[in-house]
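Trainee: Protein chains in written order, with my numbering: chain P, 538 to 796; chain V, 538 to 796.
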């Protein structure tokens with residue numbers, strides 16, 4: 538039987554508040570079994586870029602990673618945030634190891650192909666080195682991924698943290714029974730986006746098609762859920778979406794996706 | 538018989554020049570056998586701090602790490618520099634893994650005790666987790682240490698890279714036959730500081746005492762050499778001082794210290 542592994546992603550909503558981050562990290566440290574944390578960026582990168590006098594580069598509402606901004610996200614995501622999260626987990630007796638995709642070549646990516654928009658130094662993932670991540674896990678180490686990868690040719694790349702969580706979960710499902718958990722600011726997938734209590738508790742691929750055809754699932758949620766079902770088809774056992782508190786208390790409302 | 542391990546430290550003189558860094562990393566990647574890289578900071582941290590409008594804090598000519606400067610060195614050393622070095626080594630097929638002391642708790646330190654000067658968030662090393670570093674090395678991974686450690690209570694600490702190299706070398710000498718190499722801007726220990734050709738090729742503890750009593754070794758070099766002999770007494774096989782080129786070509790002038 539495969540060992541259980543939880544891959545948990547947190548975003549800016551947790552990282553931006555010192556109290557919330559600390560509370561989440563306590564819960565994460567206490568979580569039993571093998572686990573991996575993936576964290577996004579939050580407002581700190583914007584603050585640092587501002588204080589350095591850098592203008593954010595946007596095209597069509599999308600953020601572009603130019604060279605100066607790549608330096609900032611590398612510093613902030615893989616340096617400041619990652620090392621502070623790791624140090625805090627260590628204080629809570631969780632043997633965390635901070636990683637960018639370059640470290641031990643755990644995530645190889647390529648610079649996003651330019652179609653309509655040149656996203657600059659944005660990375661699309663090619664492969665996850667599951668053998669070395671398994672080695673870390675089996676040695677009692679908890680990997681903590683920042684949203685930076687590389688192209689194995691010396692170039693670091695800014696990479697979507699949701700995608701990192703999904704690709705790491707997919708890749709490790711060969712060796713582990715993986716549960717992928719996305720912590721965000723809602724209680725889960727909602728019937729009514731205005732009502733955080735209207736959580737749809739279970740969605741499988743069949744009911745998902747129905748919810749889509751009925752227009753219940755809102756447009757913003759669609760790409761996220763498509764990725765989740767993609768992970769399920771790639772071997773991930775279940776995907777859970779909800780507030781960070783759910784990792785402490787599974788009675789906290791959340792949505793569970795299965796095939 | 539113990540396996541050979543090289544612990545190599547580079548400082549700002551290598552890091553500040555992209556050409557020199559790239560040339561050094563090529564040599565380092567090609568170096569046979571087990572190896573560890575320790576890197577210092579260089580001028581990038583000062584540049585970033587300047588661009589953020591931070592004033593360097595100095596007391597009696599010594600740099601003080603206040604909270605804002607700790608953020609900058611964490612970002613620059615453990616983020617920007619470390620991840621770029623790791624990505625460049627990966628491109629050269631060296632399976633590098635970037636580490637701060639917090640990662641997998643590899644280096645535990647304490648905030649320097651305040652005597653005459655309060656150095657702020659400066660770390661003095663308490664212990665190196667040689668078991669986990671050995672695990673990495675035996676898995677074909679090359680650890681790359683930045684000059685950031687932690688106190689296991691959630692606090693990151695700015696830590697002297699020379700000391701990290703020495704402490705890592707000392708600790709690993711239990712399991713490996715360790716050679717500690719300090720790359721700096723001179724050809725080694727010089728008889729005449731003005732003459733880079735006047736290298737003293739071999740120094741042992743006996744000739745060291747003689748050189749000291751004769752006043753041949755200049756004051757700036759004394760604390761560095763004291764630390765080197767301390768490492769030798771702690772089990773490190775030999776300590777080498779010289780220019781970065783020596784790791785490619787041992788015919789390059791250098792000083793070798795032995796007991």
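Ideal Cβ placement from N, Cα and C applies to all residues, glycine included.
(1) List, from N- to C-terminal side, the beta strand (DSSP E) runs of 3 residues or more that fit wholly inside the stretch 594–627 of chain V.
(2) I'd like to know if residue 648 (chain P) contacts chain V, where contact means its C-beta is closer than 8 Å to some C-beta of that chain.
(3) Would you kindly work out how many angstroms separate the C-alpha atoms of residue 780 (chain V) and residue 609 (chain P), rounded to a whole number?
(4) Show which residues of chain V have a CB atom less than 9 Å away from the CB atom of residue 692 (chain P).
(5) Take residue 698 (chain P) as the anchor and find which of P:540, P:552, P:538 has the nearest alpha-carbon.
(6) Taking the alpha-carbon positions, what's the residue 588 (chain P) to residue 572 (chain P) distance?
(7) Counting contacts by CB-CB distance shorter than 8 Å, is residue 582 (chain P) in contact with chain V?
(8) Using a 10 Å radius around the Cβ and a threshold of 16 neighbouring Cβ atoms, would you call residue 570 (chain V) buried or exposed?
(9) CA-CA distance, residue 727 (chain P) and residue 735 (chain P)?
(10) Quick check on DSSP: helix, strand or coil for residue 714 (chain V)?
(11) Would you list, in sequence order, the uninterrupted beta strand (DSSP E) runs of no fewer than 3 residues that lie entirely inside the stretch 565–597 of chain P?
(12) What residues in its chain sit with their C-beta under 7 Å from that of residue 730 (chain V), if we drop five residues either side in the sequence?
(13) Could you say which of V:657, V:701, V:741, V:753 lies nearest to residue 732 (chain V) if we only look at CA atoms?
(14) Output the residue ranges of the beta strand (DSSP E) runs that lie fully inside the stretch 733–780 of chain P and measure 3 residues or longer, sorted by chain position.
(15) If we define contact as Cβ-Cβ less than 8 Å, is residue 576 (chain P) a contact residue for chain V?
(16) In this structure, does DSSP put residue 556 (chain V) in helix, strand or coil?
(17) Report, in whole angstroms, the separation of the C-beta atoms of residue 635 (chain V) and residue 681 (chain V), which I expect to be a contact under 8 Å.
(18) By the criterion of Cβ-Cβ separation under 9 Å, what are the contact partners of residue 613 (chain V) in chain P?
(19) In the DSSP assignment, what are the bridge partners of residue 695 (chain P)?
(20) Inspect the CB distances between the stretch 627–643 of chain P and the stretch 675–695 of chain P and report whether three or more fall short of 8 Å.
(21) So, at 8 Å on beta carbons, what are the nonlocal neighbours of residue 613 (chain V) in its own chain, with the 5 sequence-adjacent residues on each side left out?
(22) Does residue 639 (chain V) have its Cβ less than 8 Å from a Cβ in chain P?
(23) Using DSSP with H/G/I as helix, E/B as strand and the rest coil, what is residue 646 (chain V)?
(24) How about the stretch 707–715 of chain P and the stretch 770–779 of chain P: do they share at least three Cβ pairs that are nearer than 8 Å?
(25) Would you kindly work out how many angstroms separate the C-alpha atoms of residue 544 (chain V) and residue 550 (chain P), rounded to a whole number?
Mentor: In short, the structure shows the following:
(1) The stretch 594–627 of chain V contains these whole beta strand (DSSP E) runs: 594–596, 599–601.
(2) At a cut-off of 8 Å between beta-carbon atoms, residue 648 (chain P) makes no contact with chain V.
(3) Straight across, the Cα-Cα distance linking residue 780 (chain V) with residue 609 (chain P) is about 31 Å.
(4) Chain-ordered, the chain V residues with CB closer than 9 Å to the CB of residue 692 (chain P) read 624, 628.
(5) Selection P:540, P:552, P:538 evaluated against residue 698 (chain P) yields P:552 as nearest (Cα-Cα).
(6) Going by the C-alpha atoms only, they are around 35 Å apart.
(7) Judged by the 8 Å Cβ criterion, residue 582 (chain P) is not in contact with chain V.
(8) Counting of Cβ neighbours within 10 angstroms places residue 570 (chain V) among the exposed residues, the total staying below 16.
(9) When rounded, the distance between both Cα atoms is 5 Å.
(10) Note: residue 714 (chain V) maps to strand in three-state DSSP.
(11) Uninterrupted beta strand (DSSP E) stretches at least 3 residues long and entirely within the stretch 565–597 of chain P occur at 571–576, 594–596, given in chain order.
(12) Only residues of its own chain outside the window of five on either side were considered, and among them 755 have a CB closer than 7 Å to the CB of residue 730 (chain V), listed in chain order.
(13) Taking residue 732 (chain V) as reference, the option from V:657, V:701, V:741, V:753 with the minimal CA-CA separation is V:753.
(14) With a minimum length of 3 residues, the continuous beta strand (DSSP E) runs that stay inside the stretch 733–780 of chain P are 775–779.
(15) Interface flag for residue 576 (chain P) against chain V is unset, since no Cβ pair is found closer than 8 Å.
(16) DSSP places residue 556 (chain V) in helix when its eight states are reduced to three.
(17) 5 Å between Cβ atoms; contact.
(18) Within 9 Å Cβ-Cβ: 612, 616.
(19) Residue 695 (chain P) pairs with P:659, P:685.
(20) The answer is yes - the stretch 675–695 of chain P touches the stretch 627–643 of chain P, with three or more Cβ pairs under 8 Å.
(21) In chain order, 578, 581, 582, 585 place their CB closer than 8 Å to the CB of residue 613 (chain V), counting only its own chain and leaving out the 5 sequence neighbours on each side.
(22) Yes, residue 639 (chain V) lies at the interface with chain P (some Cβ there is under 8 Å from its Cβ).
(23) Collapsing the DSSP output to three states places residue 646 (chain V) in a strand.
(24) By the Cβ rule, the stretch 707–715 of chain P counts as touching the stretch 770–779 of chain P, because three or more pairs are nearer than 8 Å.
(25) About 41 Å.
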